[in-house]
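Sequence order for the protein chains is A and B. For what it's worth, the working numbering labels the leading residue of the first sequence as -11, then goes sequentially. For what it's worth, the working numbering labels the leading residue of the second sequence as 1276, then goes sequentially. Ideal Cβ placement from N, Cα and C applies to all residues, glycine included. From a predicted model like this one, the values you see are computed outputs, not experimental measurements.
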Amino acid sequence: MNDIVLALGEALRLIGGLDAKLTGIVVLSLEISLSAVAIAAVLGLPLGAVIAVERFAGRQALIVLLNALMGLPPVVVGLLVYLMLSRAGPLGPLGLLFTPTAMVVAQSILILPIIAALSRQVIEDAWREYEEQLRSLGARRFDAALTLMWDTRFSLVTVVLAGFGRAAAEVGAVIIVGGNIDGVTRVMTTTIALETSKGDLPLALGLGMILVGLVLALNGIAHSIREAVQRRYG
Amino acid sequence: MLPLRLENVSFAIGGRRIIDSVSVEIAGGPRTVILGPNGAGKSVLMRLCHGLFEPTSGAIEWRGAGVNGRPRQQAMVFQRPVMLRRSALGNVLYGMRLAGVARGECDLRARDMLEVVGLAHVTDRPARVLSGGEQQRLALARAWALNPEVLFLDEPTANLDPAATREIETIIGAIHAGGTKIIMTTHNLGQARRLADEILFIHEGRLVERAPVGEFFAGPASAEARSFIKGELPW
Ligand SMILES: Nc1ncnc2c1ncn2[C@@H]1O[C@H](COP(=O)(O)OP(=O)(O)OP(=O)(O)O)[C@@H](O)[C@H]1O
Ligand SMILES: [Mg+2]
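So this is what it looks like as structure tokens:
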């Protein structure tokens, strides 16, 4: 018990003192997960919109697949990306394995289905409400997809934040493709896993607190955006 | 683009026939009011004419219409208009941009429209927080801004109080005076008397009767129309 209290104190000291090692890890984590979420959003939001408004063969199957992929285990994504990037793999010559870039790729793949599937749901619900009105005004499906993305923009912020939360919190994918190399590919979650097993609790606890704080803050932001918008735009 | 010609148009959903062999030719000019009880098929018939539904059988033809796709010079105001999550002005601009109105013209014309329907004071207010009557007027402005040759109005004053109803009816009169063909539905007999030039009476998906408004109310030819008029409440 005493150990834990001491570790907590030390963790708070690390955070309060903006410990260089700790901030380095936090910054790298944010860089990787924000890049991943940007890539996944740029691809996933339009994908979700297109699936929401288009009718094509295999659409239902694609929706089921995307929904299923939301639950993709990070370690499996890590493994697949590892196989692609490893020396013998098809993308081996790029030499990306164990770099932050590989981690971005893995996290993008992990959260792309989340962003696509959730935005598809949001936009399709709106499409049901808007379809006749938009068609009457002469909107083609492409116009409609853009309009719906704009009109659901504040729900889509929540969708993107959900993707970010998932990326920032996962260990499995980044530890496999990043290799957890000190000072190079070590992020919050992988450091927590490693330091805990080594018994270095203060750093693990400090990072844990920051991670939880981050997730809470994001959800708080998402919630207040939605509330404010609901009041303002109806 | 008029006349609009329907030939034996039927429409079924899930095996249920909602519109049953309607044949009619609607010419430009007079205000046409589609009258009939709740569930008669007025809204569905209007959606068919507007091109939102495809008839199950029969044909709908506009004069000079292209092979596929309805002519763009028509607009519709729905029984429950959907407002986009943007300002009142933004809603009017949206339709104009889709219709390809030159950007320079849009803003001025949109503001004019809002002024004419009495919404100048809410130009920049989010459309979705406007009252029902204001939204209905905004929907009219949005449709009118397209300068359509034909304007479909589906129960444009359902749920509105008498003052708001009068305002909407005045606006409809102005749109008609501007040369737009008005085709509207209502189940309100008073409104039909005030606004119609000719009546299409629909009952259970069939076009039962068509007559100039005076003739229709003086002595409806069909038993269905007679009993519909007789059921009128005293207010
Ligand atoms: N999408 C749909 N699916 C199934 N049934 C429908 C659909 N749209 C309309 N109907 C049915 O078709 C019939 C006619 O509907 P419609 O909305 O045209 O009536 P209406 O004459 O406009 O009535 P109201 O005066 O209440 O607006 C109704 O019985 C309705 O239940
Ligand atoms: Mg109706």
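### Message
If the cut-off is 8 Å on Cβ atoms, which residues from the stretch 1365 to 1398 of chain B count as contacting chain A, listed in chain order?
### Response
1369, 1370, 1373 and 1374
(Q) Just checking: is the beta-carbon of residue 208 of chain A within a distance shorter than 8 Å of some beta-carbon in chain B? (A) What you label residue 208 of chain A is simply residue 220 of the first sequence in a count that begins at 1. It does not; no Cβ of chain B falls within 8 Å.
Please check if any C-beta of chain B sits within less than 8 Å of the C-beta of residue 33 of chain A. What you label residue 33 of chain A is simply residue 45 of the first sequence in a count that begins at 1. Output row for residue 33 of chain A: interface = no.
Going by C-alpha distance, which of B:1380, B:1459, B:1399 and B:1449 is nearest residue 1324 of chain B? Taking the second sequence and counting its residues from 1, one reaches residue 1324 of chain B at position 49. That would be B:1459, whose Cα lies nearest to the Cα of residue 1324 of chain B.
Stretch-stretch touch, CB-based, cutoff 8 Å, three pairs: the stretch 13 to 29 of chain A with the stretch 204 to 214 of chain A | no
(message) Given the structure, does residue 121 of chain A come close to ligand 1, in the sense that its CB is under 7 Å from one of the ligand's heavy atoms?
(response) As a working note, residue 121 of chain A is residue 133 in the first sequence. Result no, Cβ not under 7 Å from ligand 1.
At a Cβ threshold of 8 Å, is residue 36 of chain A touching chain B? The residue given as residue 36 of chain A occupies position 48 in the first sequence. Chain B contact via Cβ: absent.
Check: Opposite residue 184 of chain A in the DSSP bridges: which residues?
Finding: Numbered from its first residue, the first sequence carries residue 184 of chain A at position 196. None, per the DSSP bridge assignment.
Would you mind sorting residue 48 of chain A into buried or exposed? The rule is 16 or more other CB atoms within 10 Å of its CB. Start at 1 with the first residue of the first sequence, and residue 48 of chain A comes out as number 60. It is exposed - the Cβ of residue 48 of chain A has fewer than 16 other Cβ atoms within 10 Å.
Requested in this report: Indicate the three-state DSSP secondary structure (helix, strand or coil) for residue 1331 of chain B in the structure shown.
Outcome: For the purposes of this step, residue 1331 of chain B is taken as residue 56 along the second sequence, with counting starting at 1. Coil, per DSSP.
Next on the checklist: Quick check for students: name the residue ranges of the beta strand (DSSP E) that lie wholly in the stretch 1374 to 1413 of chain B, counting only runs of 3 or more.
Outcome noted: none
**Prompt:** Using a beta-carbon distance cut-off of less than 7 Å, what residues from the stretch 121 to 134 of chain A approach chain B?
**Reply:** 121, 123, 124, 125, 126, 127 and 131
Discussion item. Let's see if you can read the secondary structure: which residues bound the beta strand (DSSP E) around residue 1473 of chain B?
Written reply: As a first step, residue 1473 of chain B must be located in the second sequence, where it is residue number 198. Segment 1473 to 1478, the beta strand (DSSP E) holding residue 1473 of chain B.
Residue from B:1360, B:1476 and B:1367 with nearest C-alpha to residue 1392 of chain B = Taking the first residue of the second sequence as position 1, residue 1392 of chain B is located at position 117. Selected option, being the one with the closest Cα: B:1367.
Point to revise | Any residue whose CB is nearer than 5 Å to a heavy atom belonging to ligand 1, listed in chain order | key: B:1288, B:1293, B:1313, B:1314, B:1315, B:1316, B:1317, B:1318, B:1319 and B:1462
- Query: Counting only runs that start and end within the stretch 1431 to 1467 of chain B, where is the alpha helix (DSSP H) found for 4 or more residues in a row?
  - Reply: 1437 to 1452
| field | Interface partners of residue 220 of chain A on chain B, CB under 9 Å | value | Stepping through the first sequence from its first residue, residue 220 of chain A is reached at position 232. Going along chain B in sequence order, the residues near residue 220 of chain A (Cβ under 9 Å) are 1401 and 1404.
Open item on the list: So residue 139 of chain A contacts chain B; which residues on that side make the cut at Cβ distance below 9 Å?
Closed with: As a first step, residue 139 of chain A must be located in the first sequence, where it is residue number 151. Near residue 139 of chain A (Cβ distances below 9 Å), the residues of chain B are 1359, 1360 and 1361.
Would you list the one or two residues that DSSP bridges to residue 1310 of chain B?
-> Your numbering for residue 1310 of chain B matches position 35 in the second sequence. Residue 1310 of chain B pairs with B:1461 and B:1476.
task: May I ask which residues mark the beginning and end of the alpha helix (DSSP H) holding residue 1305 of chain B?
output: On the second sequence, position 30 is the one that residue 1305 of chain B refers to. Element bounds for residue 1305 of chain B: n/a, residue is neither H nor E.
What are the start and end residues of the beta strand (DSSP E) that includes residue 197 of chain A? Taking the first residue of the first sequence as position 1, residue 197 of chain A is located at position 209. First-last for residue 197 of chain A: 189 to 221, but that is the alpha helix (DSSP H), not the beta strand (DSSP E).
- prompt: Rounded to a whole number of angstroms, what is the C-alpha to C-alpha distance between residue 1386 of chain B and residue 1395 of chain B?
  reply: The residue given as residue 1386 of chain B occupies position 111 in the second sequence. The residue given as residue 1395 of chain B occupies position 120 in the second sequence. Rounded to whole angstroms, residue 1386 of chain B to residue 1395 of chain B spans 7 Å at the Cα level.
Report task. Compute the Euclidean distance between the alpha carbons of residue 1449 of chain B and residue 43 of chain A, then round it to the nearest angstrom. Result -> The residue you call residue 1449 of chain B lines up with position 174 of the second sequence. The residue you call residue 43 of chain A lines up with position 55 of the first sequence. Rounded to the nearest angstrom, the two C-alpha atoms are 40 Å apart.
TODO: Out of A:67, A:56, A:7 and A:180, state which residue places its alpha-carbon closest to the alpha-carbon of residue 196 of chain A.
DONE: Counted from its first residue, the first sequence places residue 196 of chain A at position 208. The candidate whose alpha carbon is nearest that of residue 196 of chain A is A:180.
C-alpha distance - residue 125 of chain A paired with residue 166 of chain A, whole-angstrom precision
Taking the first sequence and counting its residues from 1, the one referred to as residue 125 of chain A is at position 137. Taking the first sequence and counting its residues from 1, the one referred to as residue 166 of chain A is at position 178. For residue 125 of chain A and residue 166 of chain A, the distance between alpha carbons rounds to 50 Å.
Check: For the beta strand (DSSP E) that residue 1349 of chain B lies in, which residues bound it at each end?
Finding: Here residue 1349 of chain B is taken as the residue at index 74 of the second sequence, counted from 1. Taken as a continuous stretch (DSSP letters only), the beta strand (DSSP E) holding residue 1349 of chain B covers 1349 to 1352.
Discussion item. Counting only C-beta atoms, is residue 70 of chain A closer than 8 Å to chain B at any point?
Written reply: Along the first sequence, read from residue 1 onward, the residue named residue 70 of chain A stands at position 82. By this cut-off, residue 70 of chain A is not an interface position.
* Closest to residue 150 of chain A by CA distance: which of A:22, A:1, A:11 and A:-8 is it? -> The residue labelled residue 150 of chain A in the question sits at position 162 within the first sequence. Here the closest residue by C-alpha is A:22.
Next on the checklist: So residue 1350 of chain B and residue 1413 of chain B are supposed to be a Cβ contact under 8 Å. How far apart are they, rounded?
Outcome noted: Within the second sequence, residue 1350 of chain B is the residue found at index 75, counting from 1. Within the second sequence, residue 1413 of chain B is the residue found at index 138, counting from 1. Wrong, their Cβ atoms sit about 13 Å apart, outside the cutoff.
Check your understanding: Can residue 1408 of chain B and residue 1364 of chain B be called in contact, C-beta distance under 8 Å?
Key -> In the second sequence, the residue the question calls residue 1408 of chain B occupies position 133. In the second sequence, the residue the question calls residue 1364 of chain B occupies position 89. Against a cut-off of 8 Å, the Cβ pair of residue 1364 of chain B and residue 1408 of chain B comes out as no contact.
Is residue 1354 of chain B a contact residue of ligand 2, with contact defined as CB to any heavy atom under 7 Å?
Within the second sequence, residue 1354 of chain B is the residue found at index 79, counting from 1. Yes; taking the cut-off as 7 Å, the Cβ of residue 1354 of chain B has a heavy atom of ligand 2 nearer than that.
Taking CB distances under 8 Å as the criterion, tell me whether residue 42 of chain A reaches chain B.
For this step, residue 42 of chain A is matched to residue 54 along the first sequence. No - not a single Cβ of chain B is within 8 Å of the one on residue 42 of chain A.
Proximal residues, the stretch 103 to 118 of chain A versus chain B, C-beta separation under 9 Å
117 and 118
message: Could you pull the DSSP bridge partners for residue 1281 of chain B from this structure?
response: The residue you call residue 1281 of chain B lines up with position 6 of the second sequence. Paired residues: B:1299 and B:1335.
| message | Could you tell me which whole alpha helix (DSSP H) segments of length 4 or greater appear in the stretch 60 to 140 of chain A? | response | 62 to 73, 88 to 124 and 129 to 139
**OP:** Find out if the Cβ-Cβ distance for the pair residue 25 of chain A, residue 105 of chain A is shorter than 8 Å.
**Re:** Looking up residue 25 of chain A in the first sequence gives position 37. Looking up residue 105 of chain A in the first sequence gives position 117. Not closer than 8 Å, so no.
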